[in-house]
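One structure below.
Protein chains in written order, with our numbering: chain Z, 15 to 237; chain P, 15 to 237.
Encoded structure:
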C-alpha cells in the first residue's frame, strides 16, 4: 500500500520504518526537505537525525507534506502536536479529501500539559481543518516503540483506541493496527469527539511514566 | 476505626455502607441533615433516598459535614465535585488538620466535561483549601460499586491510583484500599499534582462507559 507519513521525528520514523519493513511504499513528509536533511542533531527520543535514518531506510522517500499526503492511500499524522495543524494545512485539504488520516499526535505543550482538552481535542481540530478527510485518532496513548511493537508491553495484552466519524475508516485502521502492527485489542471509543478521552488520558500516561520510570507502559481495559 | 464520610449520594452510601459492614464507626455528613433526610427521590445512580438508606444501615449516623469531619480518624470526600469545595469548607480546615482526607470526587460539570483540569485539579484545590489535611486522591477512576468491590470487574485484576503529598497518608490509604476494600493493585502516581492525571482519565472512562455500555469497567496498568 502507498503510505504517506507526515513528520520525520521519533514517531514518524517508528511508523514509517515499520511500514517500509512490511513492504509498503512509504513517503515521509516534512515542511522543508533540504532544511530537515541538513539538521544533524539526534531526536529528543534518542532517535537518529532524519538524514541518517533515511540512509538506513532505502525504501523510504523524503518529500514535502503535500507530496507525502498526495502519495498515500493512507496518511499518518506523526507530527508533534504543536505543529500538526500547520502540517495538515500544508498537506492540503483537497489532497487529503476522502483519504484515511491516522492521527497519532498529542497536543502536548512545553509545560507538560495539553494545549487543547476537555471541550475540544487536536483530533477534532484536525478533522475540522480537513472536513473531507476521514480522520481516525489512534495510537496517541502509547510510546512510539510500543505503537509498532505492542509485544514490548506485557505480551501485547493491552488496548489501543480508535476515534472517528467514519466507520469504514475506523475498520480499515483497525485492520492496520492488528494486521500490520500486531495489536491484539482495539477498542472503538466512538466519534471524533471521543479523541478528547484518548488525548486527556495522556495526562495519566505521563504520570504513569514518571511513577514507574518505564515508557513501555500501557493500559488494558478490563470488564 | 472512626470514619467520617462527606456526602450522602451514591458514592457516600457505597463507601459508608461498606465501612459499616466492616465494623467501623461511620458518620455520614451532609450540609443540612433535616433537609437531606426529607428528600425522598432516589439518587441519580438508582441508589435509595438517603433516609431509606440510613434505615438499612443502623450502624451509620447522619450529621453535618463538620460533625462527620470531627468524628473521623479518616475522612472521605464523597461529595459530587461541584459541591466538594463548599463541603470541605463547611467541614472546616482546623477540624481536618492532620487527618487523612481521602478525596474520591470528580470535577464533572453538567456538560459531561471537567470544570478544572490540565493545569490544576480538584484534588489540588481541596489540598489548598485545607493545607494541614493530608489529602489523598483515590478511587475517582471507577464506579461506586467497583470502589467497594473491585472483584466486580475482571477478578479485581486492575488498578486504582493514589496521589498525595504525604507518603504516610498514601501508605495508610493503600492499606484501606487493599485491606478493607479488596483492591489488588494500588499504584502511587506521585504528589497531589498527579491527581490531574487521575481526574483527566475520567474523560476516557466516560467514553469507555459509553462505548461498552458497561459501568463495571476499569484499566489495568501493563508493563
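Glycine residues also receive a C-beta, built at the ideal position from the N, C-alpha and C atoms.
- Query: CB residue 79 of chain Z to CB residue 105 of chain Z, shorter than 8 Å?
  - Reply: In the first chain, the residue the question calls residue 79 of chain Z occupies position 65. In the first chain, the residue the question calls residue 105 of chain Z occupies position 91. Contact flag set, yes.
- Query: Unbroken alpha helix (DSSP H) runs of length 4 or more, entirely within the segment 178–214 of chain P: which are they?
  - Reply: For the segment 178–214 of chain P, whole alpha helix (DSSP H) runs of length 4 or above, ordered along the chain, are 181–189.
- Query: DSSP on residue 17 of chain Z, reduced to helix/strand/coil?
  - Reply: Locating residue 17 of chain Z in the first chain gives position 3, counting from the first residue. Three-state result, residue 17 of chain Z: strand.
- Task: Mind the definition here: the segment 96–105 of chain Z touches the segment 139–151 of chain Z only if three or more C-beta pairs lie below 8 Å; say whether that holds.
- Result: Judged by pairs of C-beta atoms under 8 Å, the segment 96–105 of chain Z touches the segment 139–151 of chain Z, as three or more such pairs exist.
- Write down the C-beta distance between residue 92 of chain P and residue 118 of chain P rounded to the nearest angstrom, noting that I regard them as a contact closer than 8 Å. For the purposes of this step, residue 92 of chain P is taken as residue 78 along the second chain, with counting starting at 1. For the purposes of this step, residue 118 of chain P is taken as residue 104 along the second chain, with counting starting at 1. The C-beta distance from residue 92 of chain P to residue 118 of chain P rounds to 6 Å, short enough to meet the 8 Å contact threshold.
- Message: For a test of the three-state rule: what should DSSP assign to residue 74 of chain P, helix, strand or coil?
- Response: In the second chain, counting from the first residue as 1, residue 74 of chain P sits at position 60. Three-state DSSP puts residue 74 of chain P in coil, outside helix and strand.
- Message: So if DSSP puts residue 120 of chain Z in a beta bridge, which residue, or which two residues, is it bridged to?
- Response: To locate residue 120 of chain Z, count along the first chain from 1; it is residue 106. According to DSSP, residue 120 of chain Z bridges with nothing at all.
- Message: Just checking: is the beta-carbon of residue 153 of chain P within a distance shorter than 8 Å of some beta-carbon in chain Z?
- Response: Locating residue 153 of chain P in the second chain gives position 139, where the first residue counts as 1. Chain Z contact via Cβ: absent.
- Query: In the segment 200–216 of chain Z, which residues sit with their C-beta less than 7 Å from some C-beta in chain P, listed in chain order?
  - Reply: Of all residues in the segment 200–216 of chain Z, only 201, 202, 203, 204, 208, 210, 211, 212, 214, 215 come within less than 7 Å of chain P when Cβ atoms are compared, listed by chain position.
- Can you check DSSP and say which residues form a bridge with residue 148 of chain P? The sequence position of residue 148 of chain P within the second chain is 134, counting from 1. According to DSSP, residue pairing for residue 148 of chain P in a beta bridge involves P:114.
- Could you have a look at residue 236 of chain Z and say whether DSSP puts it in helix, strand or coil? Start at 1 with the first residue of the first chain, and residue 236 of chain Z comes out as number 222. Secondary structure of residue 236 of chain Z (DSSP, three-state): strand.
- Query: What does residue 33 of chain Z touch in chain P if you count any residue whose Cβ is under 9 Å from its own?
  - Reply: The sequence position of residue 33 of chain Z within the first chain is 19, counting from 1. Listed along chain P, no residue sits closer than 9 Å to residue 33 of chain Z by beta-carbon distance, the nearest being about 25 Å off.
- Is residue 226 of chain P helix, strand or coil by DSSP? Residue numbering aside, residue 226 of chain P sits at position 212 when the second chain is read from its first letter. Helix at residue 226 of chain P.
- Message: Please list the terminal residues of the continuous beta strand (DSSP E) segment that includes residue 97 of chain P.
- Response: For the purposes of this step, residue 97 of chain P is taken as the residue at position 83 of the second chain. For residue 97 of chain P, no beta strand (DSSP E) run applies; the uninterrupted alpha helix (DSSP H) run containing it begins and ends at 95–105, by DSSP.
- Query: In terms of alpha-carbon separation, which member of Z:138, Z:109, Z:115 lies closest to residue 205 of chain Z?
  - Reply: Residue 205 of chain Z sits at position 191 when you count from the first residue of the first chain. Comparing Cα-Cα distances from residue 205 of chain Z to each of Z:138, Z:109, Z:115, the minimum goes to Z:138.
- Would residue 244 of chain P be called buried (16 or more neighbouring beta carbons within 10 Å of its own) or exposed? There is simply no residue 244 of chain P to check, as chain P begins at 15 and stops at 237 in what is shown.
- Check whether the Cβ atoms of residue 167 of chain P and residue 236 of chain Z sit closer than 8 Å, and answer yes or no. Counting from one through the second chain, the residue named residue 167 of chain P turns up at place 153. Counting from one through the first chain, the residue named residue 236 of chain Z turns up at place 222. At a Cβ-Cβ threshold of 8 Å, residue 167 of chain P and residue 236 of chain Z count as neighbours.
- What does a CB cutoff of less than 8 Å around residue 52 of chain Z pick up in its chain, not counting 5 residues either side in sequence? On the first chain, residue 52 of chain Z is found 38 positions in, with the first residue counted as 1. Correct list, in chain order: 65.
- At least three beta-carbon pairs within less than 8 Å, the segment 214–221 of chain Z to the segment 209–225 of chain P: The answer is yes - the segment 209–225 of chain P touches the segment 214–221 of chain Z, with three or more Cβ pairs under 8 Å.
- Helix, strand or coil at residue 133 of chain P [DSSP, three-state]: Indexing the second chain from 1 puts residue 133 of chain P at position 119. Coil at residue 133 of chain P, not helix or strand.
- Message: Less than 8 Å between the C-beta atoms of residue 183 of chain P and residue 150 of chain P, yes or no?
- Response: By 1-based counting over the second chain, the position of residue 183 of chain P is 169. By 1-based counting over the second chain, the position of residue 150 of chain P is 136. For residue 183 of chain P and residue 150 of chain P, yes; Cβs fall inside 8 Å.
- Checking contacts by CB at 8 Å: is residue 94 of chain P closer than that to chain Z? Numbered from its first residue, the second chain carries residue 94 of chain P at position 80. No, residue 94 of chain P lies away from the interface with chain Z (no Cβ there is under 8 Å from its Cβ).
- Message: Do residue 187 of chain Z and residue 152 of chain Z have their beta-carbon atoms positioned less than 8 Å apart in this structure?
- Response: Your numbering for residue 152 of chain Z matches position 138 in the first chain. Your numbering for residue 187 of chain Z matches position 173 in the first chain. Yes.
- Message: List, in chain order, every chain Z residue whose beta-carbon is nearer than 7 Å to that of residue 234 of chain P.
- Response: One-based indexing of the second chain puts residue 234 of chain P at position 220. Within chain Z, the C-beta atoms nearer than 7 Å to that of residue 234 of chain P come from 233, 234, 236, in chain order.
- Message: Run through chain P and tell me which residues come within less than 8 Å of residue 222 of chain Z, C-beta to C-beta.
- Response: By 1-based counting over the first chain, the position of residue 222 of chain Z is 208. Ordered by position in chain P, the residues that pass the 8 Å Cβ test against residue 222 of chain Z are 201, 203, 211, 235.
- Query: What is the C-beta distance between residue 41 of chain P and residue 81 of chain P, in whole angstroms, given that I count them as a contact (C-beta under 8 Å)?
  - Reply: Numbered from 1 along the second chain, position 27 holds the residue referred to as residue 41 of chain P. Numbered from 1 along the second chain, position 67 holds the residue referred to as residue 81 of chain P. Residue 41 of chain P to residue 81 of chain P, Cβ: 7 Å. Contact.
- Message: Please list the terminal residues of the continuous beta strand (DSSP E) segment that includes residue 43 of chain P.
- Response: One-based indexing of the second chain puts residue 43 of chain P at position 29. Counting along the chain, the unbroken beta strand (DSSP E) around residue 43 of chain P starts and ends at 39–44.
- Query: Helix, strand or coil: which one does DSSP assign to residue 51 of chain Z?
  - Reply: Residue numbering aside, residue 51 of chain Z sits at position 37 when the first chain is read from its first letter. If DSSP states are grouped into helix, strand and coil, residue 51 of chain Z belongs with the helices.
- Sort out for me which residues DSSP pairs residue 175 of chain P with in a bridge. Counted from its first residue, the second chain places residue 175 of chain P at position 161. Bridge partners of residue 175 of chain P: P:201.
- Message: Against chain P, does residue 128 of chain Z count as a neighbour if the rule is that its beta carbon must be under 8 Å from one of theirs?
- Response: On the first chain, residue 128 of chain Z is found 114 positions in, with the first residue counted as 1. At a cut-off of 8 Å between beta-carbon atoms, residue 128 of chain Z makes contact with chain P.
- Proximal residues of chain P, C-beta to C-beta of residue 226 of chain Z below 7 Å: As a position in the first chain, residue 226 of chain Z is number 212, starting the count at 1. Within chain P, the residues near residue 226 of chain Z are 237.
- Message: Against chain P, does residue 133 of chain Z count as a neighbour if the rule is that its beta carbon must be under 8 Å from one of theirs?
- Response: Residue 133 of chain Z sits at position 119 when you count from the first residue of the first chain. So yes, residue 133 of chain Z belongs to the interface.
- By DSSP, does residue 89 of chain P sit in helix, in strand, or in coil? Residue numbering aside, residue 89 of chain P sits at position 75 when the second chain is read from its first letter. When DSSP states are grouped into helix, strand and coil, residue 89 of chain P belongs to the strand group.
- Task: Could you tell me which of Z:115, Z:221, Z:189, Z:21 sits nearest to residue 57 of chain Z, measuring between CA atoms?
- Result: As a first step, residue 57 of chain Z must be located in the first chain, where it is residue number 43. Of the listed residues, the one whose Cα sits closest to residue 57 of chain Z is Z:21.
- Item | Integer Cβ distance of residue 164 of chain P from residue 115 of chain P, believed to fall under 8 Å | In the second chain, counting from the first residue as 1, residue 164 of chain P sits at position 150. In the second chain, counting from the first residue as 1, residue 115 of chain P sits at position 101. A Cβ-Cβ separation of about 22 Å leaves residue 164 of chain P out of contact with residue 115 of chain P under the 8 Å criterion.
- Step through the CB atoms of chain P and report whether any lies within less than 8 Å of the CB of residue 161 of chain Z. Your numbering for residue 161 of chain Z matches position 147 in the first chain. Not one chain P Cβ lies under 8 Å of residue 161 of chain Z.
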